[in-house]
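Below: one structure, written as structure tokens.
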Amino acid sequence: MKISSLVIFTLITLTCGAYAPTQAQSTDYPSRSLKILVPLAAGSGTDSAARYFGQQLATLLKQAVVIENRPGANGMIAGAAVKAAPADGYTIFLGTLSPLGLNELVMKGPFSYDAINDFKPISGLTRGMGAFVVPGNSPIKTLAELVGDAKKSSRPINVGTYATSYQLTLDWFSQLSGVDFVSVPYKGAAPVFTDLIGNQLDWAVLNLSGVSTLLHSGKLRAIAVTGDTRAPEFPEIPTVKESGYPTYVNYLWTSLYVRTETPEPITQILAEALQKVMGSREAQDYLTSTGGGELMPLRPTEMRKMQLDEIERFREIIKVSGFKVQ
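Throughout, this note's numbering is defined as the position within the sequence shown, counted from one, plus 830.
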């Protein structure tokens, strides 16, 4: 039986047409503005970094990038909003440790999303070390003095914290040092600064970049930082690691994620654009000038490995510290 050329042409047209939407979806991306959902309030260091990187991304992609702040519930409000959005690459989640794994270790469910299965990374973004900080007029000058005095003290040693990750790292340090420090939880960094300056707290675990201005002013003093090496901005401050606790290293980090179902070509467009942004000297200069830590230009597979490693690390910290799921 002969098949007419018209039939063959029709079949080819229909077959190609079946793939056209997917191809167009990838090759036309982005054809409109994008959103980055930030799980913290406007004005925070993380929010400022999101706005900077969003602008750089907009320049490369030639589309506006809008920053939307969705604070609350340890980042889960923002995470739930990203999961509810279409998986088309136009809604991006600026994630941190809490909404991307820690919450599921320290809180009782049910949860509105699965941190591993519902999102996939497109890039690491930044990381910054913490600091052990005392009032500027405190007689404590070193970590050894802090621990020694705490062991001799007849009263509780109160430590300000303002995030679950900081509370856990305090519990971890308590276990390593043999001192039962008392965590005093706050809702943000600002009231911790106030109470620490007013000598209402003995010391606090704080983000180094967030407290740098107060350190330079002398109102507060850092006796140790939590990085693997000393901070370039404060080379005189030793690390916890070199102060007698070789396993103690901790960074806060940010990264960008999309829904897992997002087409891979779109994910690759975003990932490559972000690598270009973070490969620029301007990006590192921006972080240095704002005290925002350092770039963490991890590619998708590298970021996923780090995320999983961090979850397992904190799982062990929770186990040894005796932290109770809330």
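Using N, Cα and C, we set each Cβ at its ideal position, and we do this for glycine too.
task = For Q1105, I'd like the list of residues in its chain whose CB is within less than 8 Å of its CB, leaving aside the five on either flank, ordered along the chain.
result = S953, P1127, R1129
request  = Under the assumption that R1089 contacts D948 (Cβ atoms under 8 Å), give the Cβ distance between them as a whole number of angstroms.
outcome  = 7 Å
inquiry  = Alpha carbons only, please: which of T1097, G1018, L1031, E1112 is nearest the one belonging to L1050?
reply    = L1031
ask   = If you follow the beta strand (DSSP E) that R1089 is part of, which residue opens it and which one closes it?
value = 1081–1089
task = Tell me I897's beta-bridge partners as DSSP assigns them.
result = I866
task = Pick out whichever of F1011, L891, A914 has its Cα sitting closest to the Cα of Y859.
result = L891
task = Alpha carbon to alpha carbon, how far is I907 from P1095? Give it in angstroms, no decimals.
result = 28 Å
key: Beta-carbon proximity list for D877, same chain, < 8 Å, skipping 5 on both sides   = V868, L870, A871, I897, N899
message = Measuring straight from C-alpha to C-alpha, what distance separates Q886 and V1107?
response = 6 Å
I922 in three-state terms, based on DSSP = strand
Pairwise C-alpha distance: L1117 and Y1087 = 21 Å
task = Drop a sphere of 10 angstroms on the beta-carbon of S1110, count the other beta-carbons inside from all chains shown, and report buried for 16 or more, exposed for fewer.
result = exposed
Beta-carbon proximity of T999 to N1080, cut-off 8 Å = yes
inquiry  = On the CB-based measure, 16 or more other CB atoms within 10 Å of its CB, does K1017 come out buried or exposed?
reply    = exposed
message = Among the candidates G990, V1012, G960, whose CA atom is the shortest distance from the CA of S983?
response = V1012
ask   = Which one of E1142, S1039, D918, G1008 has the shortest CA to CA distance from P1062?
value = S1039
task = Taking R957 as the reference, give the member of T1056, N1037, I946, T1084 with the closest Cα.
result = T1084
query = Helix, strand or coil: which one does DSSP assign to V1014?
reply = strand
inquiry  = Please classify G1028 as buried or exposed, where buried requires at least 16 other C-beta atoms within 10 Å of its C-beta.
reply    = exposed
key: Backbone secondary structure at T1059 - three-state DSSP   = coil
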